[in-house]
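Enquirer: FYI, the numbering for the sequence shown is 3 to 159, going by the numbering used here. Note that CB positions come from ideal geometry on N, CA and C, so glycine has one too. Have a look at the structure that comes next, please.
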Amino acid sequence: MYLCKRKVNKFRNLGIIIFLNVTLLGCSFSPINLESKFFVKKLSYDLSIPEKIKNDLNIYIKENKSSLIEVKFFEFEIKENNFYGGKNLGSLESEIVGSIQIQGLTGDTKKIISSKRFNTQSLNPLAQKELIKSIENQVIKDLNKKILLYLKGYENK
């Protein structure tokens, strides 16, 4: 009986994978190509933007005087939210939220937000600090991807 259930699950999983592949290919799904460059006339950063974001964005965003798009990044903020509960009122979960604002040529501003949650119930304080640093790096990488996605959509307008 156990072997039969195992084979059924195997075929069901294979069927799901095939169905998802056909669906994605049928919808002309294509992942975003982040290897392409994005050209702007002027690129400026506020003092609150960390060097990690500047360096990562400067790889993909280049200044070109023939472009009409001016982009300004400002008001970068990263904060930690702790959620408490239980008998000892210790931290059960933490959330790192990063946000940045972008201003385009037309003067419209867009706030891009990225957040990650993680369990801190069984961590000691030193491990929690290291985990927070790691999660902050993940949030910054996610913000960079969202910024490039937004700029690609902005370029096509």
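Using a 10 Å radius around the Cβ and a threshold of 16 neighbouring Cβ atoms, would you call F40 buried or exposed?
Expert: buried
Enquirer: Taking buried to mean at least 16 other C-beta atoms within 10 Å of its own C-beta, is I104 buried or exposed?
Expert: buried
Enquirer: Roughly how many angstroms lie between the CA atoms of I80 and E72, to the nearest whole one?
Expert: 25 Å
Enquirer: So what's N139 in DSSP terms, helix, strand or just coil?
Expert: Residue state, collapsed to three classes: helix.
Enquirer: Hey, S116 and V141 are a contact pair by Cβ (cut 8 Å); roughly how many whole angstroms apart?
Expert: 5 Å
Enquirer: Any chance you could list the beta strand (DSSP E) runs of at least 3 consecutive residues sitting entirely within the region 80-130, in chain order?
Expert: 92-105, 111-121
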